[in-house]
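Each residue of the sequence shown is one higher than the one before, counting from 23 in this note's numbering. By construction, the Cβ of each residue, glycine as well, lies at the ideal position given by its N, Cα and C atoms. Right, one structure below, let's go through it.
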Amino acid sequence: MDLTTFLNLYSPPFLLSTIFIILLTKLFFPKSTKNLPPGPPCLPVIGNLHQVGAKPHVSMANFAREHGPLMSLHLGNQLLVVASSPEAAKEILKTQDQLLSARIVPMAFKHAQLLPYSLVWSDCDQTWKNLRALCRTEIFSPKAIEAQSRLRNEKISQLVDFLRKKQGEVIDIEDVVFTTLLNTMSSIILGKDVLLLNDEHGTCDRLKESIHKSIDYSGRIIDFGSFYPMLERFDLHGIRRGNVKHLNIVFDHWKEIIEERRSQVNSSSWSSEKAQSFLDRLLENGFSNNQINEFITELFLAGTNTTTSTVTWAMSELVRHQEVMSRIEEEVKKEINSDEITSFQLSKLTYLQAFIKESFRLHPAVPFLIPHRAGETCEVMNYTIPKNAKIIVNVWAMGQDPNIWDEPLSFKPERFMESKLDFKGQNFELIPFGSGRRMCPGLPSGARSVELILASLIREFDWELPNGEDPLKLDMNGKFGIALKREVPLKLIFKQKKAY
Ligand code: HEM
């Protein structure tokens, strides 16, 4: 090295830029860990951010084909581990369930006042255990689900009556199903309806909009605050601010109901037999308004969105496959002979059950499950998953995988007719509700609603696309979010069936 070169190396511009690069690398470049799962090469600072795109479920499925069923990517500073096969899912959700079931709190919910009362975003701590136990005994136990039958049927009857008056009109199926489900849940949780099916004056628009907005904010994955924790406090995309604004609108709607019930529960004449809803139980257990707001709103957000999306995708497949619709219709005609549909009758609808499984396979409502976080460093499939890595299971990719399913892109409910495969978390090739300790606690409620709504809509009406549109050309693209919804809303027309 000659003297000029040596002096250049120690010149202020050179030193400054070296320090700058080192700082950048330390701040923005992920710490290297040995033995990470394989993955696509990444760029400095941004990692693989530029490769994620607007449809991450599709881009991650493509990467998995190249890099295998367990892979790692870097989203800025965040290490992401992606499982895309039943074996990898089982390792994460069963073998290492205890170590890999913490949560990554999305920016939308990083709110000091709400987080301590969260079920969905808590790690598996005591709060989480208590809230899950309360849900399990009070609203999702077999006894509770049976007790809710009358109410569920009542809400479906209201939907059917509403639709009867709309014959010949084009309806947005997602909207009416969402309203029906939210009212079903609010009747169970709050003891009353909160939306109107026939809302000509838009009385409920504000509540509906805020619920949709909050769901949207929770699923935003492009968020620099998560990729670079040092930027978190700036909330650059306005996600936290936006969500808090809409959550407050939602909480305002519960306020009066909570106060009214609190005064009942606190009155001297109160006894537990008078409890009318889940809210009464929470009040009896001494829950504060903040605790109630956070907990019940999470149930509404988690429950309505997923179930609506499942029914909407199923209806899309029905209009595309009239032969499937006819077969379900036959089955419903044979097995259901009363006005009210009972759980026993639903259990006899084996083709409908197969149809729902096939729908879950191709259109899982929550394509990545809700992201998990490694609470501790551990080994999965001989690779190291470092503490705090974000972990997703690409359920959507598994549903499309030719290594798991014959002709995966064909919609064939028959594939489930002779099979014992179920979606209750034991068969890792079909886990739309997840599996393990974080598995959806609302499965019994969600699955029952899906069956009941589909059986009722098929029983009452003949469905088709408006304006003679070709069903085979129906746009089946999904719009990514915490739930995978249809990109283009499903608009349908229907005729009432002749009485049989
Ligand atoms: C078809 C309907 C539904 C589907 C497909 C579905 C799916 C899921 C999935 C995939 C998860 C994440 C599992 C994980 O993180 O590993 C989840 C979590 C959750 N679901 Fe559901 N769900 C549905 C209905 C419901 C209903 C009706 C409710 C409540 C009324 C509900 C409440 C929850 C809650 C509270 C969690 C968070 C559990 C936790 O973090 O421990 N879900 N659901």
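Asked                                                                                                                                                                                                   : Found
Looking at the ligand HEM, does it come within less than 8 angstroms of Asp-508, judged from the CB to the closest heavy atom?                                                                          : Per the sequence shown, the amino acid found at residue 508 is Arg instead of Asp. Incorrect: Arg-508 has no Cβ contact closer than 8 angstroms to the ligand HEM.
Would Ala-134 be called buried (16 or more neighbouring beta carbons within 10 Å of its own) or exposed?                                                                                                : exposed
Nearest CA to the CA of Met-439: which residue from Arg-349, Asp-492, Gln-367 and Arg-283?                                                                                                              : Arg-349
Would DSSP call Ser-348 helix, strand or coil?                                                                                                                                                          : helix
Which two residues bound the contiguous alpha helix (DSSP H) that contains Lys-370?                                                                                                                     : Unbroken run through Lys-370: none, as it is neither H nor E.
Can you confirm whether the region 374-388 touches the region 398-413 when touching is taken to mean that 3 or more C-beta pairs between the two stretches lie within less than 8 angstroms?            : no
Can you tell me where the beta strand (DSSP E) with Met-337 in it begins and where it stops?                                                                                                            : Not the beta strand (DSSP E): Met-337 falls in the alpha helix (DSSP H), residues 311-342.
At which residue ranges does the region 251-309 contain complete alpha helix (DSSP H) runs of 4 or more residues, listed in the order of the chain?                                                     : 261-288 and 300-306
Does the distance between the C-beta of Gly-464 and the nearest non-hydrogen atom of the ligand HEM fall short of 8 angstroms?                                                                          : yes
Whole alpha helix (DSSP H) runs in the region 429-501 with 4 or more residues, listed along the chain?                                                                                                  : 465-482
Tell me which residues share the same chain as Pro-78 and place their Cβ nearer than 7 angstroms to its Cβ, disregarding the 5 neighbours each side in the sequence.                                    : Ile-243 and Phe-502
Could you tell me the distance, in whole angstroms, from the CA atom of Gly-458 to the CA atom of Asn-99?                                                                                               : 28 angstroms
Identify the continuous beta strand (DSSP E) that holds Tyr-405 and give its terminal residues.                                                                                                         : 405-407
Are the region 138-151 and the region 417-424 touching by the rule of at least three beta carbon pairs closer than 8 angstroms?                                                                         : no
In angstroms with no decimal places, state the Cα-to-Cα distance between Leu-443 and Thr-329.                                                                                                           : 21 angstroms
Are there 16 or more other CB atoms within 10 angstroms of the CB of Thr-206, so buried, or fewer, so exposed?                                                                                          : buried
If you draw a straight line from the alpha carbon of Leu-512 to that of Gln-180, how long is it in whole angstroms?                                                                                     : 21 angstroms
List the endpoints of the continuous alpha helix (DSSP H) containing Cys-157.                                                                                                                           : 148-160
Hey, Thr-334 and Val-199: beta-carbon distance below 9 angstroms or not?                                                                                                                                : yes
Where Arg-262 and Phe-131 are concerned, what is the direct C-alpha to C-alpha distance, given to the nearest angstrom?                                                                                 : 7 angstroms
Can you check whether the CB of Val-104 is closer than 9 angstroms to the CB of Ala-86?                                                                                                                 : yes
Using three-state DSSP, classify Ser-94 as helix, strand or coil.                                                                                                                                       : strand
Would you call the region 273-289 and the region 311-324 touching, i.e. three or more CB-CB distances under 8 angstroms?                                                                                : yes
For His-96, count neighbouring C-beta atoms within 10 Å of its own C-beta (all shown protein chains included) and say buried if the count is 16 or more, exposed if not.                                : buried
Do Asn-220 and Phe-184 count as a contact pair if the criterion is CB distance below 9 angstroms?                                                                                                       : yes
Please confirm whether any heavy atom of the ligand HEM lies closer than 8 angstroms to the CB of Ile-392.                                                                                              : yes
Examine the ligand HEM and report whether any of its heavy atoms sits within less than 8 angstroms of the Cβ of Glu-160.                                                                                : no
For Leu-534 and Ser-360, I'd like the C-alpha separation in whole angstroms.                                                                                                                            : The displayed coordinates of the chain run from 23 to 522. Any statement about residue 534 would go beyond what the structure contains.
To the nearest angstrom, report how far apart Val-388 and Asp-497 are at their CA atoms.                                                                                                                : 19 angstroms
When the Cα atoms are used, what is the spatial distance from Ile-41 to Leu-65?                                                                                                                         : Any reading at Ile-41 must be qualified, since the residue scores a pLDDT of 45, below 50, and its modelled position is unreliable; the value itself is stated next. In a straight line, the C-alpha of Ile-41 is about 19 angstroms away from that of Leu-65.
Classify Phe-10 as buried or exposed, calling it buried when 16 or more other Cβ atoms lie within 10 Å of its own Cβ.                                                                                   : Past the boundaries of the shown model lies residue 10; the chain is included only from 23 to 522, so the question cannot be answered.
For Leu-514, name the three-state secondary structure that DSSP assigns.                                                                                                                                : strand
Between Asn-449 and the rest of its own chain, which residues show a CB-CB distance below 7 angstroms, the 5 nearest in sequence each way excluded?                                                     : Leu-443
Starting from Lys-235, trace the alpha helix (DSSP H) in both directions and tell me its first and last residue.                                                                                        : 227-240
Whether or not the region 80-94 and the region 426-436 are in contact is what I'm after, with contact meaning three or more pairs of Cβ atoms, one per stretch, closer than 8 angstroms; do they touch? : no
What is the C-beta distance between His-8 and Ile-413, in whole angstroms, given that I count them as a contact (C-beta under 8 angstroms)?                                                             : Beyond the ends of the chain as shown, which are 23 and 522, falls residue 8; an answer cannot be given.
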